[in-house]
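Structure, as structure tokens:
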Amino acid sequence: MAFRNGLDSLLRPEDSVLVLIDHQAYQLAGVGSHDTQAIVNNVTALAKLAKAFRVPTILTSVLAARGGYLFKSITDVFPDQEVIDRTWVNTWEDKNVVDAVKATGRKQLIIAGLWTEVCVAMPVIHALGDGWDVSVITDASGGISKESHEVAIQRMIAAGANVMTWMALAGDWQRDWARTEHVQELTEIFIAHLGGSGIAYQWEQQLLNTLPGSAG
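So this is what it looks like as structure tokens:
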């Protein structure tokens, strides 16, 4: 097994493309691995993070007429974005999705979706076999049970996938606080979606007089 290490293994916004898969009402109703509100919060934060760092984002659903549209909190982030509706369970067998990803010219493929054991694992394993560098955002994904989610993660790791949370991804993309072009957007995402840590971060900024719009 090849180890993923070294600077080049970290994710870079200019090389990343995000695919959000099947964050729909039917799939959310079946999630048993996470609190469902946490899934909504985390995938919304992930979508906002991608937009803040100008990372191309592909939105896809499966049989939306029956399973529901993508969460409004996602489509509100990308109001003009087409959602690719599929019949394929394995997203990587849908030519429209794959062509959209390839058109970005990027090779660091990042995936989150519902459910982890099926609609995430299948395209991740498939894309890895096609030579893509694939990362899975585990806390913006969910399975029908905790075991199902965790076993799917083990299966993807065994296939060569990198796994991380949306906050870890934010760290990779930001990398250096001297890079100030995304700091205000990142701060707003943290405050809105990072729970107690986000509120503590807001408090720290208050004490340092560095809140967006502050005079200090």
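Following the working numbering, the numbering of the sequence shown begins with 759 at its first residue and continues without gaps.
The beta-carbon is built from N, C-alpha and C at its ideal position, and this holds for glycine as well.
No experiment lies behind these values; they were computed from the predicted model shown.
How big is the Cα-Cα spacing for Ala910 and Trp850? The count along the sequence shown starts at 1 and reaches residue 910 at position 152. The count along the sequence shown starts at 1 and reaches residue 850 at position 92. Their backbone Cα atoms lie some 17 Å apart in a straight line.
Evaluate the contact criterion for the region 785-804 versus the region 879-886: three or more CB pairs, one atom per stretch, below 8 Å. no
Inter-residue CB distance, Val820 and Ala898 (contact presumed, cutoff 8 Å): The residue labelled residue 820 in the question sits at position 62 within the sequence shown. The residue labelled residue 898 in the question sits at position 140 within the sequence shown. Contact flag wrong, Cβ pair sits at about 17 Å.
When the Cα atoms are used, what is the spatial distance from Phe948 to Leu804? Taking the first residue of the sequence shown as 1, we reach residue 948 at position 190. Taking the first residue of the sequence shown as 1, we reach residue 804 at position 46. Cα to Cα, the separation comes out at about 11 Å.
At 3 residues or longer, and completely inside the region 825-897: list those beta strand (DSSP E) runs for me, N to C. 841-844, 866-871 and 891-895
Near Leu927, which residues of its chain fall below 8 Å by C-beta distance, leaving aside the five closest residues on each side in sequence? Numbered from 1 along the sequence shown, position 169 holds the residue referred to as residue 927. Leu769, Leu804, Leu807, Ile868, Ser893 and Ile895, listed in sequence order.
Should Gly974 be labelled buried (16 or more other beta-carbon atoms within 10 Å of its own) or exposed? If you number the sequence shown from 1, residue 974 lands on position 216. Residue confidence for Gly974 is low, a pLDDT of 46 falling below 50, so the modelled location carries little weight; the figure read from the coordinates is stated next. Result: exposed.
Pick from Phe829, Val859, Thr845 and Tyr959: whose alpha carbon is nearest that of Glu946? As a working mapping, residue 946 is identified with position 188 in the sequence shown. When only C-alpha atoms are compared, the closest one is Tyr959.
Nearest candidate by alpha-carbon position, reference Val775, set Ala917, Ile816, Gln839 and Val921: Counted from its first residue, the sequence shown places residue 775 at position 17. Taking only the C-alpha atoms, the option nearest Val775 is Ile816.
Kindly indicate which residue of Asn848, Asp834 and Asp780 has the alpha-carbon position closest to the one of Ala822. Translated into positions along the sequence shown, residue 822 becomes position 64. Ranking Asn848, Asp834 and Asp780 by Cα distance to Ala822 puts Asp780 first.
Could you check whether Val941 and Val859 sit closer than 9 Å to each other, using their CB atoms as the reference points? In the sequence shown, counting from the first residue as 1, residue 859 sits at position 101. In the sequence shown, counting from the first residue as 1, residue 941 sits at position 183. In this structure, Val941 does not lie closer than 9 Å to Val859 by Cβ.
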